[in-house]
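Enquirer:
Residue numbers (UniProt numbering): 1 to 291.
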């Protein structure tokens with residue numbers, strides 16, 4: 001029975017990753033092992049679930065139907081496991097958490113060892129997306145979202161607020177000069193976002209939207225660019241605090257920057273089976289965030 005569940009999880013991992021190689025990398029296993037697991041399922045079911053090609057993975061009609069049922073079955077199993085755990089009042093089981101890369105690296109990762117010591121039976125799976133995701137589609141239990149929420153079907157737990165500031169490295173400012181007025185930015189290298197274009201609306205002056213000289217989809221990349229003397233970025237305090245305290249970054253145009261604080265919230269669907277794990281995670285990190 002155990003191997004059957006393992007084979008189901010292997011199949012879902014391959015489908016979610018879009019191929020055997022990507023799934024093997026995520027699970028730190030071999031493509032051959034995953035291929036054997038899927039082959040065992042196909043032999044047991046006497047049907048082809050996926051067509052394997054060198055470039056893509058095609059799911060058959062039978063595979064689509066089976067995968068939908070498999071997800072439901074695994075969810076039922078996890079719910080049953082969690083129900084027993086809740087009765088024992090000890091959080092245990094898998095918890096999938098998604099956040100933007102900068103938040104994950106600067107707010108979650110530094111405390112993971114301590115969390116694991118406090119809750120050794122909770123198996124965290126951390127993923128990163130720079131934009132909002134569909135929790136069900138991505139098989140995610142909790143997502144950390146920054147900014148105003150749009151999906152009213154989700155339960156939200158406020159974690160705090162973080163202010164955005166303009167920052168640049170001392171070396172960049174020494175080379176190009178420190179802007180004294182908002183208009184001076186026209187003569188500087190501005191670092192902005194490619195996808196989250198609303199974050200290119202900087203909290204200065206009339207709240208203008210800047211045209212980035214250089215852009216990235218990742219706030220973490222923009223942080224690294226600013227620290228590497230590339231230009232001026234507008235980033236959240238939770239992302240730049242360490243660099244500012246270490247004087248690798250300097251706040252620019254602070255007097256001209258509006259004091260706007262972006263809400264940071266954890267969102268999830270109400271699920272009594274996951275209640276213990278979610279609360280353990282959020283209670284633990286809420287006391288340790290430096291926003």
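Heads up, the beta-carbon is just placed ideally off N, CA and C, and yes, glycines get one too.
Under 7 Å Cβ to Cβ from residue 215, same chain only, skipping five residues before and after it: list those, please.
Expert: Position 215 of the chain shown holds residue 215. Excluding its 5 nearest sequence neighbours in each direction, residue 215 has C-beta neighbours in its own chain below 7 Å: 192, 193 and 194, listed in chain order.
Enquirer: Could you tell me how far apart the beta carbons of residue 144 and residue 186 are, in whole angstroms, since I believe they sit closer than 8 Å?
Expert: The residue labelled residue 144 in the question sits at position 144 within the chain shown. The residue labelled residue 186 in the question sits at position 186 within the chain shown. With a Cβ gap of about 35 Å, residue 144 and residue 186 do not count as contacting.
Enquirer: What runs of the alpha helix (DSSP H), each 4 residues or longer, lie entirely inside the segment 104 to 162?
Expert: As far as the segment 104 to 162 is concerned, its whole alpha helix (DSSP H) runs of at least 4 residues are 112 to 118.
Enquirer: Sort out for me which residues DSSP pairs residue 94 with in a bridge.
Expert: In the chain shown, the residue the question calls residue 94 occupies position 94. Per the DSSP secondary-structure output, residue 94 pairs in a beta bridge with 123.
Enquirer: Please state if the CB of residue 162 and the CB of residue 284 are separated by a distance shorter than 7 Å.
Expert: Within the chain shown, numbered from 1, the residue matching residue 284 stands at position 284. Within the chain shown, numbered from 1, the residue matching residue 162 stands at position 162. No; because the gap between Cβ atoms is not below 7 Å, this pair is not in contact.
Enquirer: For residue 154 and residue 170, I'd like the C-alpha separation in whole angstroms.
Expert: Counted from its first residue, the chain shown places residue 154 at position 154. Counted from its first residue, the chain shown places residue 170 at position 170. Computed Cα separation, rounded: 43 Å.
Enquirer: Verify whether the separation of the beta carbon atoms of residue 167 and residue 249 is less than 7 Å.
Expert: By one-based count along the chain shown, residue 167 stands at place 167. By one-based count along the chain shown, residue 249 stands at place 249. In this structure, residue 249 lies closer than 7 Å to residue 167 by Cβ.
Enquirer: Just to confirm before moving on: does the CB-CB distance between residue 34 and residue 22 stay below 7 Å?
Expert: The count along the chain shown starts at 1 and reaches residue 34 at position 34. The count along the chain shown starts at 1 and reaches residue 22 at position 22. Their beta carbons are not under 7 Å apart, which means residue 34 does not touch residue 22 by this criterion.
Enquirer: What are the partner residues of residue 51, as DSSP defines its beta bridges?
Expert: Stepping through the chain shown from its first residue, residue 51 is reached at position 51. Residue 51 is bridged to 58.
Enquirer: So, at 8 Å on beta carbons, what are the nonlocal neighbours of residue 8 in its own chain, with the 5 sequence-adjacent residues on each side left out?
Expert: Counted from its first residue, the chain shown places residue 8 at position 8. Once the five neighbours on either side are set aside, the close Cβ partners of residue 8 are 41, 70, 73 and 74.
Enquirer: Would you mind stating whether residue 257 and residue 210 have Cβ atoms separated by less than 7 Å?
Expert: Here residue 257 is taken as the residue at index 257 of the chain shown, counted from 1. Here residue 210 is taken as the residue at index 210 of the chain shown, counted from 1. Taking 7 Å as the cut-off, the beta carbon of residue 257 is found no closer than this to the beta carbon of residue 210.
Enquirer: Where in the segment 189 to 267 do unbroken runs of the alpha helix (DSSP H), each at least 4 residues long, occur, reported from the N-terminal end onward?
Expert: With a minimum length of 4 residues, the continuous alpha helix (DSSP H) runs that stay inside the segment 189 to 267 are 219 to 227 and 237 to 245.
Enquirer: Closest to residue 5 by CA distance: which of 106, 78 and 109 is it?
Expert: By 1-based counting over the chain shown, the position of residue 5 is 5. If we check each option's Cα against that of residue 5, 78 comes out closest.
Enquirer: Could you please give me the residues that DSSP links to residue 4 through a beta bridge?
Expert: As a position in the chain shown, residue 4 is number 4, starting the count at 1. For residue 4, which the question treats as bridged, DSSP gives no partner whatsoever.
Enquirer: Residue range of the alpha helix (DSSP H) that residue 36 falls in?
Expert: Position 36 of the chain shown, counted from the start, is the residue given in the question as residue 36. First-last of the alpha helix (DSSP H) with residue 36: 31 to 45.
Enquirer: Under 6 Å Cβ to Cβ from residue 59, same chain only, skipping five residues before and after it: list those, please.
Expert: Taking the chain shown and counting its residues from 1, the one referred to as residue 59 is at position 59. For residue 59, where only same-chain residues beyond five positions count, the Cβ hits under 6 Å are 50.
Enquirer: Going by DSSP, name the residue or residues bridged to residue 26.
Expert: Translated into the one-based positions of the chain shown, residue 26 becomes position 26. Residue 26 pairs with nothing; no bridge assigned.
Enquirer: Give me the residue from 11, 224, 62 and 64 with the minimum Cα distance to residue 39.
Expert: Stepping through the chain shown from its first residue, residue 39 is reached at position 39. Here the closest residue by C-alpha is 11.
Enquirer: Quick check on residue 173: does DSSP put it in helix, strand or coil?
Expert: Along the chain shown, read from residue 1 onward, the residue named residue 173 stands at position 173. It is helical.
Enquirer: Can you tell me where the alpha helix (DSSP H) holding residue 181 begins and where it ends?
Expert: Position 181 of the chain shown holds residue 181. Per DSSP, residue 181 belongs to no alpha helix (DSSP H) and is neither H nor E.
Enquirer: By the DSSP assignment, the alpha helix (DSSP H) with residue 282 in it spans what residues?
Expert: For the purposes of this step, residue 282 is taken as residue 282 along the chain shown, with counting starting at 1. That run of the alpha helix (DSSP H) goes 275 to 286.
Enquirer: Straight-line CA distance for residue 2 to residue 109?
Expert: Position 2 of the chain shown, counted from the first residue, corresponds to residue 2. Position 109 of the chain shown, counted from the first residue, corresponds to residue 109. For residue 2, the predicted structure reports a pLDDT of 49, less than 50, and the residue's modelled location is therefore unreliable. A value from the coordinates is still provided. So the two alpha carbons sit approximately 31 Å from each other.
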